[in-house]
Amino acid sequence: MNRRSLLAGGSAALAGAVLAGSGGSLAQGLTGTITIGYEGTNAFIGPYIGAAAQAVMTANPGATIEVNPSISPNYLSQLALQLFTGTAPDVFLIFGLGAGELAAGGFVSSLDDYVANWDGWAQYDAATRAGVTSQGHPWAIPWGLNPYFLYYRKDLFQQAGLDPEWQPETREEIIEAAAAIQQSSPDSIPYSIYAGANGENATAADFMNLILSNGGTLIDPDGRWFIDSCPIRETLAYYEYAFQTTKVVPSIVLTDVSPLETMPNYFANGELGILHETAKHYGVWMARNAVDAETIGVALFPGNEGPLALGDVGDAWYINSGAANPDLGWAFIEAFSTVELQAALSAEDPHLPARLDARDASDWLEQPLSDRILEASTVMTLPPPEPQFRKLISVVQNATGLVAAGQATPIEAIQRYGEELTRTMGEQNVTTEACG
């Protein structure tokens, strides 16, 4: 049964596929009730969560799984409050990059005992495992890795006299293409990279991507955070060049109150030329207008040593450390993590399936973005779930926002970046790298 047949058949068909895909290995004899939480704004994942829950309940008539999608406009804040007050769901879905912080806070349970007896764990490669491992223990199970791409509008490229089959070799070539769009389509937004507080976590992602592109890292081999380095200086200089010198990234990208929503929408409407964003957005664009999606070009970001891709392990399933019935919670996670379900969901909501065997499934391979995702996977960097990572975000937002707004030079911004990061992480946890 293919993905279209599954979806057409509704939750019952999906649940049947989960049961079939498990090979009859779903845990049985479980009783009790658990709650499942996830961000309800995800337009694709709900039926798959419902199917996995139904499959477990079918195999365990004495068990009840309550699925509670969040309708909060800020799911992360809601979940954080629930965790602090002891009211969080027994099992919840949130970014795998948070594993270190959640584990350090004692909010989630280690999955060592479960993965030790699960044959599916062998299908997660070392990089994917590392993306949810902290203190030597796995804390979450991801379903799809999320690489970043340089998306571009082929129609705007053609109007600017640019090759619609584009793969920039340097960061300068991105600026040059954006400048050509700026000239030929003056009412459009030529290029978008996130900066400042309104870009939220995506500001840190674009900053990290540019650090990688410039041959750098955020931390040294001993785990100390760089407060000054050539790659950091070159990254902040790129923001100045894009926002202030050439103005190919207009101020609206910085000042828009919800750029994570509006920029992808501008791009889908043909009003934005080049956008650095995650693979999952392609699925939204395809669902909205599959024909128009043919005008969307996909390139890798250029680095000093060739094309690269920043990625992350995407959303992952955690078991609340306060869950009264963790075994039932694990049964749900295992049911959600079958080859068939991962492949079908990763085809509809474009991701690189976390399971290696799901990457060979025909459903996923037929998805239009799969070739580029596989290409990206060979040059993809997955950040580790550093417990202090969230503290970095506001420091990056401040530095990039000041430079993008023209309120500080890159040198002035890096001085403030270093001071804030030292204050945030502690002097013993930061270092510098000689530049020039």
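Those letters in the sequence shown? Residues 1 to 436, by the working numbering.
From the three backbone atoms N, C-alpha and C, an ideal C-beta is built for every residue, glycine too.
What do you get for T245, buried or exposed, if any count of 16 or more other CB atoms within 10 angstroms of its CB means buried? With fewer than 16 other Cβ atoms within 10 Å, it is exposed.
Rounded to whole angstroms, what is the Cα-Cα separation between E66 and P142? Going from the Cα of E66 to the Cα of P142 covers about 21 Å.
Please classify L6 as buried or exposed, where buried requires at least 16 other C-beta atoms within 10 Å of its C-beta. Its pLDDT being 49, under 50, L6 is placed unreliably in this model, and the value from its coordinates should be taken loosely. Label assigned to L6: buried.
Classify W166 as helix, strand or coil using the three-state DSSP reduction. Three-state result, W166: coil.
Pick helix, strand or coil for H137, following the three-state DSSP scheme. Strand, per DSSP.
If you drop the 5 nearest sequence neighbours on each side, which residues of the same chain put their C-beta closer than 6 Å to that of G131? In the same chain as G131, and ignoring 5 residues on each side of it, the C-beta atoms closer than 6 Å to its own belong to G96, V313 and L382, in chain order.
Spatial neighbours of A140 within its chain, please: CB distance less than 7 Å, with the 5 preceding and 5 following residues excluded, ordered by chain position. Closer than 7 Å at Cβ, skipping near neighbours: G96, A99, V132, A316, W317 and Y318.
Identify every run of the beta strand (DSSP E) within the region 17-90, keeping only runs that are complete inside it and at least 3 residues long; order them along the chain. If we require 3 residues or more, the beta strand (DSSP E) runs fully inside the region 17-90 come out as 32-39 and 63-70.
Can you tell me whether E261 is buried or exposed, with buried defined as 16 or more other CB within 10 angstroms of its CB? Result: exposed.
In the structure shown, what three-state DSSP assignment does G322 receive? Here DSSP, grouped into helix, strand and coil, assigns G322 to coil.
Quick check: the region 333-350 against the region 360-378, are there 3 or more CB pairs under 8 Å? Yes, the region 333-350 touches the region 360-378.
Quick check on this structure: which residue in F44, V248, V56 and A309 has the alpha carbon closest to the alpha carbon of S184? The alpha carbon of S184 has as its nearest neighbour, out of F44, V248, V56 and A309, the alpha carbon of V248.
Which residue's Cα is closest to the Cα of A127: L356, I219 and F389? Residue L356 is the option with its Cα nearest to A127.
Among the residues of its own chain, which have a CB less than 7 Å from the CB of G322, if the five just before and after it don't count? Once the five neighbours on either side are set aside, the close Cβ partners of G322 are G86.
Would you kindly check if the distance between the Cβ of I414 and the Cβ of L236 is under 8 Å? Closer than 8 Å, so yes.
Does the separation of the CB atoms of L300 and L310 fall below 8 Å? No, the pair does not count as a contact, with Cβ atoms beyond the cut-off.
Can you tell me where the alpha helix (DSSP H) holding R153 begins and where it ends? Taken as a continuous stretch (DSSP letters only), R153 belongs to no alpha helix (DSSP H), being part of the beta strand (DSSP E) at Y148 to R153.
As assigned by DSSP and simplified to three states, the class of V253: Helix, per DSSP.
A354, buried or exposed, once every other Cβ within 10 Å from all chains shown has been counted against 16: By the 10 Å Cβ count, A354 comes out buried.
Can you look up T381 in the DSSP assignment and give me helix, strand or coil? Strand at T381.
What separation, rounded to the nearest whole angstrom, lies between the Cα atoms of I34 and I71? If I take the Cα positions, the gap works out to 19 Å.
Reduced DSSP category for E315 - H, G, I as helix; E, B as strand; rest coil: A quick correction: the sequence has Asp, not Glu, at residue 315. Three-state DSSP puts D315 in a strand.
To which residues of the same chain is T295 closer than 7 Å at the C-beta, ignoring the five residues directly before and after it? For T295, where only same-chain residues beyond five positions count, the Cβ hits under 7 Å are R153, K154 and D155.
Residues bridged to H276 (per DSSP): DSSP, once it has assigned bridges, lists L150 as partnering H276.
Taking only three categories from DSSP, how would you classify V403? Three-state result, V403: helix.
Report back the beta-carbon spacing between S192 and L272 to the nearest angstrom; my notes put them in contact at under 8 Å. Contact between S192 and L272 holds, with the beta-carbon distance rounding to 6 Å and staying under 8 Å.
N209 beta carbon less than 8 Å from that of H281: In this structure, N209 does not lie closer than 8 Å to H281 by Cβ.
Per DSSP, what kind of secondary structure is G144 in: helix, strand or coil? DSSP places G144 within a strand segment (E or B) once states are collapsed to three.
Check whether the region 158-172 touches the region 283-294, counting contact only when three or more Cβ pairs, one atom from each stretch, lie closer than 8 Å. They do not touch, by the three-pair rule.
Sorted by chain position, which residues of the same chain lie with C-beta nearer than 7 Å to A8's C-beta, five sequence neighbours on each side aside? Per-residue confidence for A8 stands at a pLDDT of 47, beneath the threshold of 50, marking its modelled position as unreliable; the derived number appears in the next sentence. The answer is none, since no qualifying residue turns up.
Do you know whose CA, among E412, Q388, Q28 and G283, lies nearest N398's CA? Nearest of E412, Q388, Q28 and G283 to N398, Cα basis: E412.
May I ask you to list the residues that DSSP assigns as paired with Y191? Answer by DSSP bridge pairing, in chain order: I274.
Run the CB neighbour count on L81, radius 10 Å, all protein chains shown included, and call it buried at 16 or more, exposed below. So L81 ends up on the exposed side.
H281, DSSP secondary structure in three states: The three-state reading of DSSP puts H281 in helix, counting H, G and I together.
What three-state label does DSSP hand V339 in the structure shown? V339 sits in a helix when the DSSP states are folded into three classes.
Starting from the Cα of I274, find the closest Cα among E173, A104 and G329 and give me that residue. Taking the Cα of I274 as reference, the smallest distance to any Cα among E173, A104 and G329 is reached at E173.
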